Each structure stands twice: as C-alpha cells, then as structure tokens.
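Report on the structure given below.
Numbering (this note's numbering), first residue to last: 445 to 683.
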C-alpha cells in the first residue's frame, strides 16, 4: 500500500479468509481445521452437459465441477491428507487418468489447461463482522467448506443483503453502528445455518464407519426418489 490517505464513511473488507484488514482492526477469529486440502484447476472438456455443476462424494475426497464457459470447467477437489499426497505427486496426465475413472461417463475428453493450485480447508468463525467503521464481507467474515460452491453463494448473498439494506435509505451514513448491526442481524442466520450444514455434510461423507455409510446410502436413496426433497435441496443451494 502507498502512503496516500483517503476518507470514507465506511471500509468494506473483502480480502479473504486470512483477511489482513480483520487482523489490523483486531477482530478475533477461530478456525476449525478439516484436515483436508483442496486441489483446484481448470479442465477442458468435450461432450457432456457442460453447463451443469456436479459434485461427487468419494471415499477419500469430494470432487466439485463448476462450469465456467463453453468447454471449460473448474475443478475443486477436496482431499484427505493421504489422498492429497498421492495426487500431489502425480503429473497432469496421471491426474487426468484419475479423473477419467470418476467423470469419464460424463465427458469424452478431458485435459488440464491451467496451473494447479492447492489450499488448506478450514471453517473460520469471527467474533464480530464489524468494528468502528469497518465491515467484513465474504470469506473475511465467514469461511466454510467449499462443497457445492456454498462459500461463494454466501458471499453473493452478503452483497445482495448489503445492497438491499442500503437501498432502504434508513441511514444516510452507512458507517454508523446502527446500520452495521442491522446488516449483521440480517446475515447471521444464513451464515450459521450454512456453516453447520457444510460441517455436518463433510463429517458424514468423510466418515469411515460402515453403519454411517449404510445410513447415508439409505438417506440418499430416499432423497433421490423424492421430487419434493430434491427441489427443496436445490432451492436452498441456489437461494
């Protein structure tokens, strides 16, 4: 940063889960380590329904596929420590072969077309999302497991609610504590609910117990047979 000085009624910090702004203003946070690492890269694909997001719950990992543009999808592969070590020693061709075993029936050809990046997975809880005239938004305010892209969805809903409350024009100065508390209350329920939901789902699908696996199988079967339950899950995921 330069030594320039600027004046504003509010600072909105969207600088990620390791927010330097949050640290600078001394808002405390606590982390829950998932003991997983996410491997992320872009994949060129042919054929298949390229405009559909997909999620695969596997033995040692959770694989998410998100469409970016025609013929290109983004991969977020959340791996156990042991499985990540295995993948991390693979070259691109070996990873493509591993992916083919999982998604080969959906895509005829796949090729890694970007640099591979990795990052540790954790859930971050903050003691508050504002201090003085600084407001935390997105991953700076809450980070959750990336399954199904719900971390991104939470951040988008942060922006939607912030814009909605600003548009009400109840406060001329949006840096006031009253405005910031109103926004905090509006977001708290959604953030807590999604945090516990992704935490629970990760525990369920990472559990090695045969009993838990049996219960999961029956539960997923019930969901698959129920049009209503599937609609409700989709509605919540994209809301």
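Where a beta carbon is used, it is the ideal one built from N, C-alpha and C, also for glycine. Quantities reported herein were computed from a predicted structural model and do not represent experimental measurements.
Considering only residues of the same chain and omitting the five flanking positions on each side of residue i, which have a CB-CB separation below 6 angstroms?
| i | result |
| --- | --- |
| residue 581 | 456, 458 and 602 |
| residue 475 | 566 and 568 |
| residue 599 | 582 |
| residue 518 | 486, 510 and 512 |
Taking its Cβ as the centre, do 16 or more other Cβ atoms sit within 10 Å of residue i, making it buried, or is it exposed?
| i | result |
| --- | --- |
| residue 447 | exposed |
| residue 500 | exposed |
| residue 480 | buried |
| residue 646 | buried |
| residue 473 | buried |
For the alpha helix (DSSP H) holding residue i, just list the boundary residues, first then last.
| i | result |
| --- | --- |
| residue 467 | 464 to 468 |
Output the boundary residues of the beta strand (DSSP E) element that contains residue i.
| i | result |
| --- | --- |
| residue 479 | 473 to 490 |
| residue 505 | 505 to 513 |
| residue 453 | Element bounds for residue 453: n/a, residue is neither H nor E. |
| residue 516 | 516 to 524 |
From the options, pick the residue whose C-alpha is nearest to that of residue i; which is it?
| i | options | result |
| --- | --- | --- |
| residue 630 | 608, 616, 514 and 533 | 608 |
| residue 594 | 604, 633, 642 and 465 | 642 |
| residue 563 | 460, 465 and 466 | 460 |
| residue 552 | 488, 464, 506 and 465 | 488 |
| residue 685 | 464, 503, 525 and 502 | Nothing can be reported for residue 685, as the shown portion of the chain is limited to 445 through 683. |
Enumerate in chain order the residues of its own chain whose CB-to-CB distance from residue i is below 7 angstroms, with the five nearest sequence positions on each side excluded.
| i | result |
| --- | --- |
| residue 453 | 577, 617, 618 and 619 |
| residue 495 | 511 |
Closer than 8 angstroms by C-beta to residue i: which residues in its own chain qualify, once you throw out the five before and the five after it? Chain order, please.
| i | result |
| --- | --- |
| residue 531 | 483, 521, 523, 539 and 542 |
| residue 572 | 471 and 628 |
| residue 639 | 567, 569, 586 and 588 |
| residue 591 | 499, 506, 508, 522, 642, 645 and 646 |
Mind listing, in chain order, the continuous beta strand (DSSP E) runs of no fewer than 3 residues lying wholly within the region 532 to 602? Listed in chain order, they are 553 to 556, 561 to 570 and 578 to 580.
In chain order, which beta strand (DSSP E) runs of at least 3 residues are fully inside the region 613 to 652? Fully enclosed beta strand (DSSP E) runs of 3 or longer: not present.
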